[in-house]
Amino acid sequence: QVQLVESGGGLVQAGESLRLSCAASGRLFTIETMGWHRLRPGKQREMVATVTRGGSTNYADSVKGRFTVSWDVAKNTVYLQMNSLKPEDTAVYYCYCRTYQGSNSWGLGTQVAVSS
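One rule links them: number in our numbering = place in the sequence shown (from 1) + 3.
Okay, structure coming up:
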């Protein structure tokens, strides 16, 4: 089992930046991929960005060029640097991981609100 705890959400104005952090604990050696999903008002949960243990990244088209995901394996922490935030980025952001066995774990989420 892996436990995930997010931090770093908040209220910002359009164009500003935020960095989300997610601390992982538990059976860390089983994690193959970490990343972030979000749930925007009135929409389904969507993938934002993921990073594998090997360093490969994947981004939603809507955040490419603005968001950067990184995984500090030594600190058991994954980050999401969000720049040039837009009101449509307002969402609850969930940390996510997938193990080599195919199991998924989720954090409880952190709220990001972007005002225009």
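C-beta atoms are modelled at their ideal positions from N, C-alpha and C, and glycine is treated no differently.
1) Going by CA-CA distance only, name the one from Gly18, Pro90, Met37 and Asp64 that's closest to Ala26.
2) Rounded to the nearest angstrom, what separates Leu7 and Asp64 at their Cα positions?
3) Reducing DSSP to helix, strand and coil, say where Glu91 ends up.
4) Quick one: what's got a C-beta closer than 6 Å to Ser10's C-beta in the same chain, skipping five residues either side?
5) Report the partner residues of Phe70 according to the DSSP bridge assignment.
6) Let me check understanding here. Comparing Cα to Cα, which of Gly58, Phe70, Gln4 and Arg48 lies closest to Thr112?
7) Assuming Val115 and Leu42 make a contact with CB atoms under 8 Å, what is their CB distance in whole Å?
Quick look at the numbers:
1) Position 23 of the sequence shown, counted from the first residue, corresponds to residue 26. For Ala26, the nearest C-alpha among the options comes from Met37.
2) Translated into the one-based positions of the sequence shown, residue 7 becomes position 4. Translated into the one-based positions of the sequence shown, residue 64 becomes position 61. So the alpha carbons of these two residues sit roughly 25 Å apart.
3) Against the sequence shown, residue 91 aligns to sequence position 88. Helix, per DSSP.
4) As a first step, residue 10 is located in the sequence shown; it is residue number 7 there, counting from the start. Excluding residues within five positions, the ones whose Cβ falls inside 6 Å are Ser24.
5) The residue given as residue 70 occupies position 67 in the sequence shown. DSSP output for Phe70 lists Met85 as bridge partner(s).
6) Along the sequence shown, one-based indexing puts residue 112 at 109. Note on identity: in this sequence residue 112 is Gly, with Thr being the wrong assignment. Here the closest residue by C-alpha is Arg48.
7) One-based indexing of the sequence shown puts residue 115 at position 112. One-based indexing of the sequence shown puts residue 42 at position 39. That pair is no contact at about 11 Å.
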